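Novice:
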Amino acid sequence: MDPTLTAYRRGVALPSSNPFQRLAELLDDDRPGLPPIALTIGEPQHAMPEFLGPVLAENLPDFRRYPPINGTGEFRAAIAAWLDKRYGLDGMIDAERGVLPLNGSREGLSFGAIAARDQLAKDFDHPVVILPNPFYQTYAAAAHVADAQAVLLDARPGRNFLPDLETLDPEVLDRCVAFYVASPTNPEGSVASIGYWQQLIALARKHRFMIFADECYSEIYRSTPPPGILEAAKTMGGGFDKIVVLNSLSKRSNLAGLRCGFAAGDPEFLSRWAKFRGLAAPQVPIPHQAVAVRAYHDEAHVEENRRLYNEKFEAAEHYLGPILGPVTPEAGFFLWLDISRWGRATEVTQALWRDVGLKVLPGDYLASDQADGSNPGRAYIRVGLVAPLGHTQTALERLSDWLGGEK
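Going by the UniProt record's numbering, the sequence shown opens with residue 1, and the numbers climb by one from there.
Pasting the structure below:
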């Protein structure tokens with residue numbers, strides 16, 4: 001059995017605080033030598049779509065109403081139509097039972113594992129939730145609230161920064177209730193192929209666990225639209241059994257504060273989940289759903305958003321490529337930079353803040369240490385390219401000068 005899996009079956013602890021709290025503690029005693037530039041949080045800073053205000057104004061009276069937990073008919077139809085067009089699904093999405101609104105994708109990611117545990121009703125004292133490592137910290141929270149054991153699969157460059165499905169013990173898979181995976185990945189920006197998705201779907205159906213596919217970066221790509229898990233499922237037959245995809249307006253439309261996303265896929269699972277959410281979950285306001293309807297019928301603002309990110313990745317290649325080699329990922333808006341030549345991620349993070357006023361995130365703060373002390377993020381820093389181009393260019397120039405200088 002793979003030692004990583006063995007370690008986590010013995011209960012190795014996950015980080016107890018979020019990466020940004022840890023970063024604040026790391027840099028607490030240091031003062032930047034230049035005016036500070038934060039490159040840590042992936043909070044979009046591009047313009048919001050122009051239709052936001054008018055759509056909200058038109059639907060203001062609906063703030064008086066309690067929203068239906070399963071969303072408005074217009075919302076479900078818009079999501080189903082967008083997924084159908086984006087992934088060529090030929091009408092496979094069940095707009096009545098296979099789409100749910102979420103208060104951002106984080107809500108669904110956080111509580112999906114509970115629904116999976118309860119619906120699958122596996123006869124194990126300690127069910128398993130499988131996560132990539134590094135991982136979006138909400139996945140770990142999901143394992144915690146589901147009272148499940150987290151099994152982490154290291155995501156390394158030789159596997160395109162995706163969990164290695166070949167290492168999984170069948171006994172672990174039998175105990176699994178939820179498998180979390182992102183494509184495009186965060187922080188690395190890698191993309192799962194149709195073949196990878198097919199392999200994972202086959203495992204989920206064989207061992208009876210739910211896949212929660214986090215596709216929130218699906219529209220932030222360089223040139224080729226990333227394939228999605230629903231697209232892969234179409235090629236296999238069996239509908240969307242054991243598959244839930246989650247997405248939102250946060251990255252696609254620069255509307256992180258709207259807190260509006262969706263879950264789509266397995267209609268049996270989602271219709272049963274909706275009954276639980278009707279008792280326990282906050283509804284998505286109807287005016288917010290109206291904005292989503294408008295947003296998912298408009299691609300022009302998404303194309304402009306993508307153009308602005310790609311412009312900044314061109315700048316990153318200009319400043320960092322001569323030192324680090326190619327740095328542009330397939331998708332997403334982060335740089336995942338191997339800085340091991342200059343030291344451990346935490347050491348480089350401290351030095352960049354102290355020397356040139358750049359605040360980046362150490363890669364090991366986005367991952368968990370293994371039993372042998374290794375950490376797949378320790379050689380990396382994450383750099384967010386969410387700020388405007390001029391601001392980003394200044395930061396990249398400072399980073400380039402620091403990396404290229406004598407240390």
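A virtual CB, placed ideally from N, CA and C, is assigned to each residue, including glycine. Small disclaimer: the values here were computed from a predicted structure and weren't measured.
With a Cβ-Cβ cutoff of 9 Å, do glutamate 231 and glycine 88 count as a contact?
Specialist: Yes, the pair counts as a contact, with Cβ atoms nearer than the cut-off.
Novice: Apart from the five residues on each side of it in sequence, which residues of its chain come closer than 7 Å, Cβ to Cβ, to glycine 265?
Specialist: Hits under 7 Å: Gly98, Leu230, Phe240, Ile243, Val244, Val245.
Novice: So the candidates are Met210, Trp82, Leu27, Lys251; which of them puts its Cα closest to the Cα of alanine 331?
Specialist: Considering only alpha carbons, the answer is Lys251.
Novice: Per DSSP, what are the beta-bridge partners of tyrosine 221 in this structure?
Specialist: Beta-bridge pairing links tyrosine 221 to Ala331.
Novice: Bridge partners of asparagine 133, per DSSP?
Specialist: DSSP, once it has assigned bridges, lists Asp154 as partnering asparagine 133.
Novice: What are the boundary residues of the beta strand (DSSP E) that includes valine 177?
Specialist: Segment 176–182, the beta strand (DSSP E) holding valine 177.
Novice: Report the CB separation of serine 190 from proline 184 in whole angstroms; it is logged as a contact under 8 Å.
Specialist: Right, their Cβ atoms sit about 7 Å apart.
Novice: So what does isoleucine 211 bridge to, in DSSP terms?
Specialist: In the DSSP output, where bridge partners are listed per residue, isoleucine 211 has Phe179, Ile243.
Novice: Which two residues bound the contiguous beta strand (DSSP E) that contains tyrosine 380?
Specialist: Start and end: 380–384.
Novice: Measuring alpha carbon to alpha carbon, tell me which of Arg398, Gly278, Arg156 ends up nearest leucine 100.
Specialist: Taking only the C-alpha atoms, the option nearest leucine 100 is Gly278.
Novice: Grab me the residues of threonine 394's own chain with a C-beta within less than 6 Å of its C-beta, minus the 5 sequence neighbours each way, in chain order.
Specialist: Here the set comprises nothing.
Novice: Under the rule that 16 or more other beta-carbon atoms within 10 Å means buried, what is leucine 23, buried or exposed?
Specialist: Buried: at least 16 other Cβ atoms inside 10 Å.
Novice: Any contact of the stretch 136–150 with the stretch 105–115, i.e. 3+ C-beta pairs under 8 Å?
Specialist: The stretch 136–150 vs the stretch 105–115: in contact.
Novice: Starting from the Cα of aspartate 154, find the closest Cα among Ala345, Asp164, Pro68, Leu366 and give me that residue.
Specialist: Closest by alpha carbon: Asp164.
Novice: Does the stretch 287–300 come into contact with the stretch 120–134, if we say contact requires no fewer than three beta-carbon pairs (one atom in each stretch) closer than 8 Å?
Specialist: Segments in contact, no.
Novice: Glutamine 21: buried (16+ other C-beta within 10 angstroms of its C-beta) or exposed?
Specialist: Glutamine 21 is exposed by the Cβ-count criterion.
Novice: Could you work out which residue in Asp401, Pro388, Gly363, Cys260 is closest to arginine 307 when comparing CA atoms only?
Specialist: Taking only the C-alpha atoms, the option nearest arginine 307 is Pro388.
Novice: Who are the near neighbours of glutamate 188 in its chain, counting only those whose CB is closer than 6 Å to its CB and skipping five residues on each side?
Specialist: Contacts found: Phe161, Trp336.
Novice: Give me the Cα-Cα distance between proline 157 and glutamate 219, rounded to the nearest whole angstrom.
Specialist: Rounded to the nearest angstrom, the two C-alpha atoms are 22 Å apart.
Novice: With a threshold of 16 other CB atoms inside 10 Å of the CB of proline 90, please say whether the residue is buried or exposed.
Specialist: First, the residue type needs correcting, since residue 90 is aspartate and not proline in the sequence shown. Exposed, because fewer than 16 other Cβ atoms sit within 10 Å of the Cβ of aspartate 90.
Novice: Which residue or residues does DSSP assign as beta-bridge partners of glutamine 350?
Specialist: Its beta-bridge partners do not exist; DSSP assigns none.
Novice: To which residues does DSSP link valine 356 through a beta bridge?
Specialist: Valine 356 is not bridged to any residue.
Novice: Quick one: Cα of serine 223 to Cα of proline 329, how far?
Specialist: Approximately 11 Å, taken between the alpha carbons.
Novice: Do valine 348 and valine 356 have their C-beta atoms within less than 9 Å of each other?
Specialist: Not in contact: valine 348 and valine 356 (Cβ atoms no closer than 9 Å).
Novice: Determine the direct distance from the alpha carbon of phenylalanine 63 to that of alanine 95, and round the result to whole angstroms.
Specialist: Rounded to the nearest angstrom, the two C-alpha atoms are 24 Å apart.
Novice: Apply the 10 Å Cβ neighbour rule to alanine 371 and answer buried if 16 or more other Cβ atoms are within range, or exposed otherwise.
Specialist: Flag for alanine 371 reads exposed.
Novice: Over the uninterrupted beta strand (DSSP E) stretch that includes glycine 265, give me the two end residues.
Specialist: Taken as a continuous stretch (DSSP letters only), the beta strand (DSSP E) holding glycine 265 covers 261–265.
Novice: Give the DSSP-derived three-state secondary structure of serine 340 in the structure shown.
Specialist: In this structure, serine 340 counts as helix in the three-state DSSP scheme.
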